[in-house]
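Asks: The structure that follows is given in the form of structure tokens.
Number of protein chains: 6
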Amino acid sequence: MSSIRIVGHSLPNIPWQDKPAGEVLPIWRYSQNPVIPRSPHPHINSVFNSAAVAHEGKFAGVFRCDNTRRQMVLHAGFSEDGLDWKINPETIQWNLPEDVPVPEYCYDPRVCWIDDRYYVTWCNGWHGPTIGLGYTYDFKTFTMVENALLPYNRNGVLFPRKVNGRYLLFSRPSDTGHTAFGDIYISQSEDLVYWGRHRYVMGPKEPWESTKIGAGPVPIETTEGWLLFHHGVLTSCNGYVYSFGAVMLDLEKPWIVRYRCRPYLINPRELYELTGDVPNVCFPCASLADADTGRITTYYGAADTVTGLVFTQVNELYDYLRKHSA
Amino acid sequence: MSSIRIVGHSLPNIPWQDKPAGEVLPIWRYSQNPVIPRSPHPHINSVFNSAAVAHEGKFAGVFRCDNTRRQMVLHAGFSEDGLDWKINPETIQWNLPEDVPVPEYCYDPRVCWIDDRYYVTWCNGWHGPTIGLGYTYDFKTFTMVENALLPYNRNGVLFPRKVNGRYLLFSRPSDTGHTAFGDIYISQSEDLVYWGRHRYVMGPKEPWESTKIGAGPVPIETTEGWLLFHHGVLTSCNGYVYSFGAVMLDLEKPWIVRYRCRPYLINPRELYELTGDVPNVCFPCASLADADTGRITTYYGAADTVTGLVFTQVNELYDYLRKHSA
Amino acid sequence: MSSIRIVGHSLPNIPWQDKPAGEVLPIWRYSQNPVIPRSPHPHINSVFNSAAVAHEGKFAGVFRCDNTRRQMVLHAGFSEDGLDWKINPETIQWNLPEDVPVPEYCYDPRVCWIDDRYYVTWCNGWHGPTIGLGYTYDFKTFTMVENALLPYNRNGVLFPRKVNGRYLLFSRPSDTGHTAFGDIYISQSEDLVYWGRHRYVMGPKEPWESTKIGAGPVPIETTEGWLLFHHGVLTSCNGYVYSFGAVMLDLEKPWIVRYRCRPYLINPRELYELTGDVPNVCFPCASLADADTGRITTYYGAADTVTGLVFTQVNELYDYLRKHSA
Amino acid sequence: MSSIRIVGHSLPNIPWQDKPAGEVLPIWRYSQNPVIPRSPHPHINSVFNSAAVAHEGKFAGVFRCDNTRRQMVLHAGFSEDGLDWKINPETIQWNLPEDVPVPEYCYDPRVCWIDDRYYVTWCNGWHGPTIGLGYTYDFKTFTMVENALLPYNRNGVLFPRKVNGRYLLFSRPSDTGHTAFGDIYISQSEDLVYWGRHRYVMGPKEPWESTKIGAGPVPIETTEGWLLFHHGVLTSCNGYVYSFGAVMLDLEKPWIVRYRCRPYLINPRELYELTGDVPNVCFPCASLADADTGRITTYYGAADTVTGLVFTQVNELYDYLRKHSA
Amino acid sequence: MSSIRIVGHSLPNIPWQDKPAGEVLPIWRYSQNPVIPRSPHPHINSVFNSAAVAHEGKFAGVFRCDNTRRQMVLHAGFSEDGLDWKINPETIQWNLPEDVPVPEYCYDPRVCWIDDRYYVTWCNGWHGPTIGLGYTYDFKTFTMVENALLPYNRNGVLFPRKVNGRYLLFSRPSDTGHTAFGDIYISQSEDLVYWGRHRYVMGPKEPWESTKIGAGPVPIETTEGWLLFHHGVLTSCNGYVYSFGAVMLDLEKPWIVRYRCRPYLINPRELYELTGDVPNVCFPCASLADADTGRITTYYGAADTVTGLVFTQVNELYDYLRKHSA
Amino acid sequence: MSSIRIVGHSLPNIPWQDKPAGEVLPIWRYSQNPVIPRSPHPHINSVFNSAAVAHEGKFAGVFRCDNTRRQMVLHAGFSEDGLDWKINPETIQWNLPEDVPVPEYCYDPRVCWIDDRYYVTWCNGWHGPTIGLGYTYDFKTFTMVENALLPYNRNGVLFPRKVNGRYLLFSRPSDTGHTAFGDIYISQSEDLVYWGRHRYVMGPKEPWESTKIGAGPVPIETTEGWLLFHHGVLTSCNGYVYSFGAVMLDLEKPWIVRYRCRPYLINPRELYELTGDVPNVCFPCASLADADTGRITTYYGAADTVTGLVFTQVNELYDYLRKHSA
């Protein structure tokens, strides 16, 4: 087994469940899934694609909570243990600087601690989908800044630190609809306002992701590179199937793919993944990692309706990833 | 709580189940759903989108019963209590006046008592879908008359009385397929043969109904207006979701929308709504109402496979509708 | 040669040009086509699909004049001889009774004298295309009445008299776009307000019209039936081609097709028909007929840009039609 | 009940379960379905559309086993009783004669004993889908030969003997994608290399199969003709539903349909058919038949994820088929 | 200049026009194009995609003559000089052996002398497009035989002799419509009835042919290989453009491409190519070749409306082809 | 007439032709159009969408020259008078800094003098269309720098000077194909490398541009604002029509539209605009302006095949624009 280590903080209270006996794959589901059910409040239709982070010894997060009008909105939430979540009943109200347009809708958030605060990126409605950017210190007040990119874009995910003096942002250029294409790019910035030096990371390659792919949680820094979970979409003879897999990216030039796991890691198999508002979806949005133990816990949206949890060990995952890389 | 009252008859034996403890929403499912299972007879594939009415102290109805050839046909059915239904094994045979064409297919019936008989409207196959019209006195013999409208149309629903001396008919102009558009109109007639003075009622507005909408059961007259349940369709990134909501229309000019409930009332959540011939469908087709108690019981098709039942109180629903109207 | 005669008025000053020597087909183009060029005024982009009639010993008409914003609007126009036209620079301003909605756009007009006035039908923008209806006595003031039919419909064409006590209207049910289907129906009315007793006339049959068809000019009454020119659309491997042909309908039940000419009569061949805003269009909208001589002169839109003229003799056309009927 | 008999061998150990009490339809599911679950090995995503045959007193087969990369590959498998299957963990490795191209992918296999060996046909990736052809004597070594047909084709199924001196092959000409069309043809060959004398068998007819149809298992010879199970696809307002039915074909000219069962026999109803990688699929690929008892046992793919089993008696099925034939 | 020579007969009366002064490209148009105008008879809409051959010291051919019903039919025609053509007014009537189905439509013929007769291949309507096959000795009586291939196929073109003891046939597998794909294959046969040993020749490669390609005239045998003209289709931002180019194929294994000309040879530039029933089409269907002089004269359809002629010299063309091959 | 003046240089030798007598519109075509024909060299298929500028007392430019492979490539060209152009036979060879990817294709260039050099922007092939950026001093050597924006984007147009200390760039976010949407945005940069502070300028509004719009030539600074010509696309019932119009943008915040001309200025009317590789296209790419006289001369691509020229006077155009603004 490899000696890879997570570069980061201890998180001794990371939500965790040991691997079931007999399981040979490196990632396994939480036995109490869905960890967050669909309607924590009567006017909330579903909670999924959730961005949980460690916060002040506990956990906090930003959640996609489609309401019963089926508006796509964001709520903050808090948890003592990362398993039992209190979702705020009211949506996040953004402080908006002058000239920053009011979001038409917000979905699929990611939260990333950089420097001194939590940055939030999400798919932001502004003449179509683009990458909204904001920040919070406490998950109580939230401030939005300039949209990072032009429309049409989705799955904007920040790196947790500057690389070579520049902030990095994954994104997936898109169009106005759900057209069947999507590759992952990295854009660079010196100030989180102006973005350039765009680099191509990767596109669909394996059948399970052959329609489109997008970055998942904030990448995890390891001694061997940036570990990125990404979702991929297969178009069957009758619809989409969203699974997720993993890649290891170069530490200094993370647009270089060191290893890419050819099989998916998680695909829709459980009833809460197979049925719901969008059948057959497993969509990862946030990972917690404990540098001491190498534990990684990942929240993923299931069927665009509820939130599931999966667990892995960084060294076990890395071995699997290398072994099954092309 | 408002003083709204249903304008109509007593229906003391309305099928009913009290609201579960802890439920805060104004409408709730029957605990024994699906109230009608998919195959009452071996050659019937499914029973859904069902038009039940009170009849001679008991209940009768016209049911969409796709057969195992997957032809869309109508059957009559009877029930002592509105819960336990005997569906006739044979389809309805229409008496056809000269020149009235034989239906190619019949689906999504509604039944409406006007004047002295039960009128049936349905989506009728005649060079494409249009609004078939017929009547019965006893649910034993049925007579078809002229198609009310030109193709292509669906979801034709009569009002239970003339308004300003004219019969009124909701419809949803469509095309030859299942193209993603659909608004509700009202057409007027002095004789149920010639229709004109078409009025626009409403189109998609909320996200949950953003693809298309259509009238549901025969509207219920109340002291505050016509209460209409309507279905709405959302196009997710991977298919349709049919939910239903409610509006209150002006009594004299029912093309004027007084209140429109922004959230949906019922959306697909139960396994019998999430899976079946068409996953993710809740499609209301008939309501029973008791003027004495304000109880309203609504039959809806679930997953185009079985029939479900939901209950509400008119005043509770009206308060919710007003509170959540735009 | 047959003894068919036009039932109607003399029109001794009908615009006319004799058949060119050597021509064997029963219909021929005006040698000075296009009879109306594209821009009679600088802000008019094109004049086509034009509805000319005899009026007070001269000629008048309603013209589709897309302006240089490419709005679809109607203009009145006048001519001494039916060849040299003065198009009004300003659009028709409709007098609108209460409740009749302001047209969003108007195109493809037909004009039909019935009883005591000129009725105008056109494709009217009201939540999508439907059949607008209005009238004029003098081509100076115009009054709009209720839309005849629900959306979505196009090519509404009135009969020049009641048949069996009812007004008759051709139409072509459509949808919100230019989807590739279209059949001709007749609707009936006792008062031009309420319409019913819808009858199916015909759908695509020959390859040249295999995508969709629609009624052309107001039908011409003859001793053998109603003569209708209709356009038909062929979808080639790379776009549409609009040609036109003719049918003879039963006098009493004009939804019965007596003869249907299998070949087209006119198809796009001249440069002004092959090129323009919509290449490959010949679209007839108005015919003049002289009962004395059997002459029929038809105005047609060419390439959705200009107006052309073709001539025929009723008996020659009828013989050709019968000979080439299926 | 008819005196029809299966023409073929005894198979006394055919997997079997008696008809449940009260069942009136001629075909019934195995109570322990799915008979093969989705992941016999960790890297296998699903096992379905399976081609089982009797082999040396036991059972063997070729299985579509999509792996966790979602590649479509074939595995051999063995069973003592036809119910409990051991699927080989490694894919079939084809011996490839010179010039025969390496398959890009392989799916939906059928296995057919002819003369002295087991022939395998499958949907073979070669510039698009076409009909791959190979053989084995022992399910250990497999040899591929020339592709039988040009792309684009699917559902190639051999007859178990020559008819009139020629090998026969069902196929379903297709295109590069999953476009909504598909009819069944028979092609003939004297040497299994060159194919010609193509005959049309049948296309969609009933609503349950109105989008496309394809041959299922190797046809079963009976005293009354060739019994063919075939799948058919219905396009609902929101996706495909795959059911299956049966036809009886002429013994000498099997492109002549003697009887065609108008209702489907099996459609998606159980949770393992309604949910999975492709919801709502029942797709038959292999039948076992016992000439002594008339028992027929059919393996079918469920939801493109697992394998189910259904049972019937040839005479009962034949009576049903004749009774419900058009 | 290369020493390539045509392998074949002298054709001293080949229609010919010397290269215009100043022309640097190796192929040039006939100055009197279109050589065949659109309507040689009043009921013929267009003559294009024409298969002319040398015949008894003069010229004969099979022509696609869409009639004024826009049916796609074939006519025979004759010419003294290959320039002035007499097209028969009546269509070819096929003698049909038992079991050979009546063609639903016939288009895009090619004529190929093999052994002792002229074989005709064409796109034949039989449940969709496939490759019809027939023969004539004299262009007066024509006999059809079995369709060569299963639907859906187009552009079937025979080789003028057996290669390695087998007849060879180019084809372009297609689907039921004009979907945007198409590669060239070769199928082999020992008897012109059963076809197999299918080989892939080539697919789209250059931008001018990036949507689909198909074989053009019967290939011309040269000392350096088989010279094949092929058409290719580019999809612009607003429609298709059909141009044509050339390849040199291996003499013994003609599925091996020796040289492939990267630029097109002829594209739509003249008004008769730019406008007509299908704008922007140059589609070659027949070449005449004179072994003595190396002259090659090619007939091509222009705008699916008329027929054009282009000229080249085999050595000049071959040099250009080699120079511009990838 | 207004006192608007062009802010910029004198260009006394601007190519010019006076307004024809009788013309009432403010813009008119060059009588010798097309000013650049389609094939200046045999291997060039077409020259259009051309970016001409004043250079050293004469004229130079960058031209889209699709070659006869139909590759989209750029050529430099020179002219003494702006009318008679010498296009280089060879394509522009870009000097490529490390990491800047080789363009897959280049089309629709614009050239803009800023500070000390000519910047070139174009639609650059890099995993789809994006905005390529490069520069030249002399039209002999060209250097490419980082792509300005992420894919998918088209119609990138620089402003001729910094505004408020930032470079400005129009663009039209797009997708991988020619999907029917497109709005104009402005992005800002301090260094031409990193771009942000994206602002929305405008989307389709008038019918003539109702499908999509894009910026045309480099905007012209005037005393009243930035004058921008833009193209707009109308989707007719059978294809696209590209016309162009003009807007006046705020000098300081050019995302604010001061005036927007509701009619188009130029639409396809001449044969060289109506026919060619893409019928019905007028696409402006470059303007020359003379501050002394107010003359503006604009080059536009016609039918994606040749280049046309139109003339206007700034004050006349501005009056027209204001008069016809919404």
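Chains as they are written, first to last, in the numbering used here: chain A, -18 to 307; chain B, -18 to 307; chain C, -18 to 307; chain D, -18 to 307; chain E, -18 to 307; chain F, -18 to 307.
Just so you know, even glycine gets a beta-carbon here, dropped at the ideal spot from N, CA and C.
(1) As an exercise, report each continuous alpha helix (DSSP H) stretch of at least 4 residues that is fully enclosed by the stretch 214 to 288 of chain C, in chain order.
(2) List in chain order: all unbroken beta strand (DSSP E) runs of 3+ residues lying wholly within the stretch 108 to 162 of chain D.
(3) Would you say the beta carbon of Asn296(E) is closer than 7 Å to some non-hydrogen atom of the ligand GDP?
(4) Count the other CB atoms within 10 Å of the CB of Glu79(A); is the residue buried (16 or more) or exposed (fewer)?
(5) When we look at the beta-carbon of Ser170(C) and count the other beta-carbons within 10 Å, is it buried (16 or more) or exposed?
(6) What are the residues of the stretch 249 to 262 of chain E that lie near chain C, defined by any Cβ-Cβ distance shorter than 9 Å?
(7) Could you tell me which of Ala32(E), Ala307(E), Phe44(E), Phe29(E) sits nearest to Lys186(E), measuring between CA atoms?
(8) Leaving aside the five residues before and after Ile237(C) along the sequence, list all residues of the same chain whose C-beta is less than 7 Å from its C-beta, in chain order.
(9) Return no unless some Cβ of chain B is closer than 8 Å to the Cβ of His108(C).
(10) Kindly give me the distance between the Cβ atoms of Ser217(F) and Val259(C), rounded to whole angstroms, as I take these residues to be in contact under 8 Å.
(11) Who are the neighbours of Leu6(E) on chain F, taking C-beta pairs under 8 Å?
(12) Chain D partners of Pro84(E), CB-CB under 7 Å?
(13) Within the continuous beta strand (DSSP E) that includes Asp47(A), where are the two ends?
(14) For Val174(B), go through chain C and note every residue whose CB falls closer than 7 Å to its CB, in chain order.
(15) Expressed to the nearest angstrom, what Euclidean distance is found between the alpha-carbon atoms of Gly63(C) and Asp89(C)?
(16) Using a threshold of 8 Å, state whether the C-beta atoms of Ser152(E) and Gly163(E) are closer than that.
(17) Using the Cα positions of Glu71(F) and Pro132(C), report the straight-line distance between them to the nearest angstrom.
(18) Please list, in chain order, the residues of the stretch 202 to 225 of chain D that have any C-beta partner in chain A closer than 8 Å.
(19) Residues of chain C with CB closer than 9 Å to the CB of Leu131(B), please, in chain order.
(20) Round the Cβ separation of Met125(D) and Gly113(D) to the nearest angstrom and send it over; I've been treating them as touching at under 8 Å.
(21) Are the C-beta of Thr124(B) and some C-beta of chain C separated by less than 8 Å?
(22) Quick one: what's got a C-beta closer than 6 Å to Phe59(D)'s C-beta in the same chain, skipping five residues either side?
(23) Whose C-beta lies closer than 7 Å to the C-beta of Asp156(D) among residues of the same chain, with five residues either side of it excluded?
(24) Spell out a yes or no on whether the stretch 0 to 20 of chain D and the stretch 286 to 304 of chain D are touching, meaning 3 or more CB-CB pairs, one atom from each, closer than 8 Å.
(25) Rounded to a whole number of angstroms, what is the C-alpha to C-alpha distance between Phe120(A) and Pro198(A)?
(26) Suppose you measure from the CA of His212(B) to the CA of Cys263(D); what does that come to, to the nearest Å?
(27) Is it buried or exposed for Asp271(C), if we count other Cβ within 10 angstroms and need 16 for buried?
(28) Where Cys242(C) and Val34(C) are concerned, what is the direct C-alpha to C-alpha distance, given to the nearest angstrom?
Replies: If we stick to the structure as given:
(1) 252 to 255
(2) 110 to 117, 123 to 125, 134 to 139, 148 to 154
(3) With respect to the ligand GDP, the structure offers nothing, as it holds no ligand at all.
(4) Numbered from its first residue, the first sequence carries residue 79(A) at position 98. It is exposed - the Cβ of Glu79(A) has fewer than 16 other Cβ atoms within 10 Å.
(5) As a first step, residue 170(C) must be located in the third sequence, where it is residue number 189. By the 10 Å Cβ count, Ser170(C) comes out buried.
(6) Leu252, Leu255, Thr256, Gly257, Asp258, Val259, Pro260, Asn261, Val262
(7) What you label residue 186(E) is simply residue 205 of the fifth sequence in a count that begins at 1. Measuring from the Cα of Lys186(E), the nearest candidate turns out to be Ala307(E).
(8) For the purposes of this step, residue 237(C) is identified with residue 256 of the third sequence, where counting begins at 1. Within the same chain, Ile237(C) has close Cβ partners Leu230, Asp231.
(9) Position 127 of the third sequence, counted from the start, is the residue given in the question as residue 108(C). By this cut-off, His108(C) is an interface position.
(10) Here residue 217(F) refers to the residue found at position 236 of the sixth sequence. Here residue 259(C) refers to the residue found at position 278 of the third sequence. Right, their Cβ atoms sit about 5 Å apart.
(11) Taking the first residue of the fifth sequence as 1, we reach residue 6(E) at position 25. Under the 8 Å cutoff, chain F gives Pro23.
(12) Against the fifth sequence, residue 84(E) aligns to sequence position 103. Those do not exist, as Pro84(E) stays about 14 Å from chain D at its closest Cβ, beyond 7 Å.
(13) Translated into positions along the first sequence, residue 47(A) becomes position 66. First-last of the beta strand (DSSP E) with Asp47(A): 39 to 48.
(14) The sequence position of residue 174(B) within the second sequence is 193, counting from 1. Gly177, Arg178, listed in chain order.
(15) Here residue 63(C) refers to the residue found at position 82 of the third sequence. Here residue 89(C) refers to the residue found at position 108 of the third sequence. Approximately 19 Å, taken between the alpha carbons.
(16) One-based indexing of the fifth sequence puts residue 152(E) at position 171. One-based indexing of the fifth sequence puts residue 163(E) at position 182. No, the pair does not count as a contact, with Cβ atoms beyond the cut-off.
(17) Here residue 71(F) refers to the residue found at position 90 of the sixth sequence. Here residue 132(C) refers to the residue found at position 151 of the third sequence. Going by the C-alpha atoms only, they are around 57 Å apart.
(18) Gly220, Tyr221
(19) Here residue 131(B) is taken as the residue at index 150 of the second sequence, counted from 1. Result: Leu130, Leu131, Asn134, Ser152, Pro154, Tyr166, Ser168, Trp176, His179.
(20) Looking up residue 125(D) in the fourth sequence gives position 144. Looking up residue 113(D) in the fourth sequence gives position 132. About 7 Å; that satisfies the 8 Å criterion.
(21) Position 143 of the second sequence, counting from 1, holds the residue named residue 124(B). No, Thr124(B) does not count as interfacial toward chain C.
(22) Here residue 59(D) is taken as the residue at index 78 of the fourth sequence, counted from 1. Hits under 6 Å: Ala41, Lys67.
(23) The residue given as residue 156(D) occupies position 175 in the fourth sequence. Result list for Asp156(D): Tyr133, in chain order.
(24) yes
(25) Within the first sequence, numbered from 1, the residue matching residue 120(A) stands at position 139. Within the first sequence, numbered from 1, the residue matching residue 198(A) stands at position 217. Answer to the nearest angstrom: the Cα atoms are 18 Å apart.
(26) For the purposes of this step, residue 212(B) is taken as residue 231 along the second sequence, with counting starting at 1. For the purposes of this step, residue 263(D) is taken as residue 282 along the fourth sequence, with counting starting at 1. If you take the alpha carbons of His212(B) and Cys263(D), they lie about 30 Å apart.
(27) Sequence index remark: in the third sequence, residue 271(C) carries index 290 (1-based). With 16 or more other Cβ atoms within 10 Å, it is buried.
(28) Taking the first residue of the third sequence as 1, we reach residue 242(C) at position 261. Taking the first residue of the third sequence as 1, we reach residue 34(C) at position 53. Straight-line Cα distance between these residues: approximately 25 Å.
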